[in-house]
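Enquirer:
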Amino acid sequence: MTAEPILTISGLNVDYGTGASGVRALRDIDLTLHRGEVLGLAGESGSGKSTLAYAVTRLLSPPGVITGGDVHYHRPGGESIDILSLTPDELRAFRWQELSIVFQGAMNSLNPVHTVHSQLTDVLTAHRPGMRAAERTARAEELLNLVGISADRLAAYPHQLSGGMRQRVMIAMALALEPEIVIMDEPTTALDVVMQRQILRKLVELRERLSFSVVFITHDISLLIEFSDRIAIMYGGRIVEQAGATEIYRDPRHPYSEGLLHSFPALHGPRRELTGIPGSPPHLSAMPTGCAFHPRCGKAFEPCPERVPVLAAPEAGQDREVACWLPH
Amino acid sequence: MTTEQSAPVRTGNDVVLEARGVTKHFPVRRTAGDLLARRHRTVHAVDDVSLKLRRGTVTALVGESGSGKSTVARLLAQLYPLTSGEIHLGGTAVKAGRGRSFRTYVRQVQLIFQDPFASLNPVHTVRYHLTRALRIHDRAGNGEADLEKNLAALLERVQLTPPHQFLDKFPHELSGGQRQRVAIARALGADPQVLLADEPVSMLDVSIRLGVLNLLRDLKERLHLAILYITHDIASARYFADTTLVMYAGRIVEGGDSETVTQHPAHPYTQLLIASAPDPDRVADEEAQEETGSGEPPSLIAPPDGCRFHPRCPKAMERCRTELPPRFDLADGQWAACWLYDGTGAEGAAK
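In order, the protein sequence lines correspond to chains U and B. The working numbering puts the first residue of the first sequence at 69, with every later residue one more than the last. The working numbering puts the first residue of the second sequence at 64, with every later residue one more than the last.
Structure (structure tokens):
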């Protein structure tokens, strides 16, 4: 790919707890986000996708510990910042300004006793000390218009807005300082499909206009295929496959990716008998040896229970990676 | 077992549970202004809903959150009194109060909830949950050995095998899918004729949802249950249900065979719902999906006059604002409550 990287994660490991009671939630994550790209991160609950978002933003709270690896952010000029070694002050300046995050259940992350206005301008007060109050209000109005809410709703309290509007306020807030990267952790899971599509369409449109990069985390792979450029699929704390969205859809290489794709009934085309994936996702404290997916995999053979497959291109020169022992 | 259940297996066409014009309004707490104006406001949660659940078929009720679909399930389970309308079980109108009549009713009609993490008691084992269901419904049998046999049969029915591995587990020791299977086993403990499943898989991990849906379908076929499947995911209704009903703002707006409703949606709301569902195949024809309408569902305290969808409907006409559309029958048993089909018969359905 010709696009320059904006965020590179290499060899990232995250544990919850230390010593005998500790469990490893992320294992050797290597991932690159390119400028202007929508990277989809798919996986079931417990696969580590939210942990990855928290680790990258340094929001991981104890007992979560980053035990190894690097996360580098690349400024447009080419300057590279090591996120994991930022001091608290630098980190405060970095968040929102360069990288913002929309949380899971963002609908409930607004403070119920403050108006939308005070919550939207709060970011600006903190990061742009030189800005005057009138300018902040003007910016807040502009932001609301950006996400398709009329500016007169600025005086509203969160309970006066519908779920979809609250979600859009959260997106507006994340865009307040025009960050380079927006991480969205299941931003639409609590919403209805109609609202979900409206918000995602808005997001795609905003990205084209403001050209930021997005990491989009969800369990709904059919949504990702439609909305993202590239998809990384996680299972048991590892990335098991990453490729372009259409490649994943047309030609999944990892049996887990294939299983996930076959877990969503299709609205069109022939009605097929679907099976899902037998068994249930592994628990972090009892991760299977070798490939974590082997107990549920219909194609498992000798090396799978013993050796961990490496994430690598199935054929030399291909722009996709898969971690599976099967000959591809 | 009752004589009715030991009767020979009938074809899938007899109606077990039927709702006729069921309406539920919830009162809203009155404010000082309401008292002065002598106003009684209500939430029109469910209005004039009629549906039939047939033996050996799955009926899906699809709608957004707040459309009243869960209220319909609770009304059918007789957990709330009706504001008006009737519920017929096996052809006779039933109004279960509390106590004995309620228990007789729930023996036939069982409800499965969305969240198996909340619907099982965390301090009790699987054995306790299932034994209690069997005892309450007089199906525990005589003595320890009978009970043990019945418990094992229940677990085998929901494919939790071998049963002895699961009987003495606590809910937290089970995965989400296993928990939901225990909840289904508990419902089967009553040997019901009707299963009302309120979003049975939406809390489960993606890869195990289909396993639970396939289990429910298997139960439908083997036990000839009538199943009401409540969901917000219209694609899963197409996959799993024989007939599909679409609900919007407390009313059922369209119904028919699942394949017809999802492939040739007649009501503009169903069309919007289908256009909004994630669909990987759409990548190719990105441009072909405009003009489906937008906006949000209305307040149910003061629902719009006429058709409740008209403020969002791209095809709304003058008439839609004032007159409530009745049910218009289209081809192949499909129907829609929409003025677009007034007098046109079946021709509109193909669009």
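Cβ atoms here follow ideal geometry from the backbone N, Cα and C, with glycine treated the same way.
1. Leaving out five residues before and five after B/A253 in sequence, what residues of the same chain have Cβ atoms less than 7 Å from its Cβ?
2. Determine whether the beta carbon atoms of B/P331 and B/A246 lie at a separation below 8 Å.
3. Go ahead and pull the three-state DSSP assignment for U/F162.
4. Let me know if B/T122 comes out buried or exposed under the rule of 16 or more other beta-carbons within 10 Å of its beta-carbon.
5. Using a C-beta to C-beta distance shorter than 8 Å, which residues of chain B count as neighbours of U/T343?
6. In the DSSP output, what is U/V106 paired with across the bridge?
7. For chain B, check one thing: does any of its Cβ atoms lie closer than 8 Å to the Cβ of U/V262?
8. Would U/I307 pass as a contact of U/I301 if the rule is Cβ separation under 8 Å?
9. Could you give the DSSP three-state label for B/P331: helix, strand or coil?
10. Less than 8 Å between CB atoms is the rule here; does U/Y225 satisfy it with respect to chain B?
11. Going residue by residue through the segment 201-282 of chain U, where are the continuous beta strand (DSSP E) segments of at least 3 residues, counting only ones entirely within it?
12. Considering only residues of the same chain and omitting the five flanking positions on each side of B/D231, which have a CB-CB separation below 8 Å?
13. For B/V269, decide whether its Cβ has a neighbour in chain U, counting only Cβ atoms nearer than 8 Å.
14. Residues of chain U with a CB under 9 Å from the CB of B/I368: which are they?
15. What does B/A289 pair with, by DSSP beta-bridge criteria?
16. Check the C-beta distance from B/G240 over to B/M266 and give it rounded, since I have them as a contact under 8 Å.
17. If we cut at 8 Å on Cβ distances, does B/T325 have a partner in chain U?
18. If you measure from the beta carbon of U/D253 to each beta carbon in chain B, is any gap under 8 Å?
19. Are the CB atoms of U/V282 and U/L109 nearer to each other than 8 Å?
20. When you compare each of U/E374, U/N81, U/P144 and U/N176 to U/H102 by their alpha carbons, which one comes out closest?
21. Three-state secondary structure (DSSP) at U/D83?
22. Would you please state the rounded distance, in angstroms, between the beta carbons of U/V376 and U/G358? I believe it to be under 8 Å.
23. Can you give me the C-alpha to C-alpha distance between U/G104 and U/L211, rounded to a whole angstrom?
24. Tell whether a beta-carbon distance below 8 Å holds between B/D110 and B/G369.
25. Assess contact between the segment 152-170 of chain B and the segment 288-297 of chain B, defined as three or more Cβ pairs (one per stretch) separated by less than 8 Å. Is contact present?
26. Starting from U/Y324, follow the alpha helix (DSSP H) in both directions and report where the run begins and ends.
27. Rounded to a whole number of angstroms, what is the C-alpha to C-alpha distance between U/Q235 and B/K158?
28. Taking its Cβ as the centre, do 16 or more other Cβ atoms sit within 10 Å of B/E350, making it buried, or is it exposed?
Expert: In brief:
1. V169, R170, Q173, A196 and H200
2. no
3. helix
4. buried
5. L273, G274 and N277
6. U/V282
7. yes
8. yes
9. helix
10. no
11. 249-253
12. T188, V189 and R190
13. yes
14. Correcting the residue identity first, residue 368 of chain B is Asp in this sequence and not Ile. Ordered by position in chain U, no residue passes the 9 Å Cβ test against B/D368, which lies about 21 Å from the chain.
15. B/V257
16. So it is not a contact: roughly 10 Å between Cβ atoms.
17. yes
18. no
19. no
20. U/P144
21. strand
22. 6 Å
23. 20 Å
24. no
25. no
26. P323 to L329
27. 42 Å
28. Low confidence applies here, because B/E350 scores a pLDDT of 44, under 50, leaving its location unreliable; read the following figure in that light. Under this definition B/E350 is an exposed residue.
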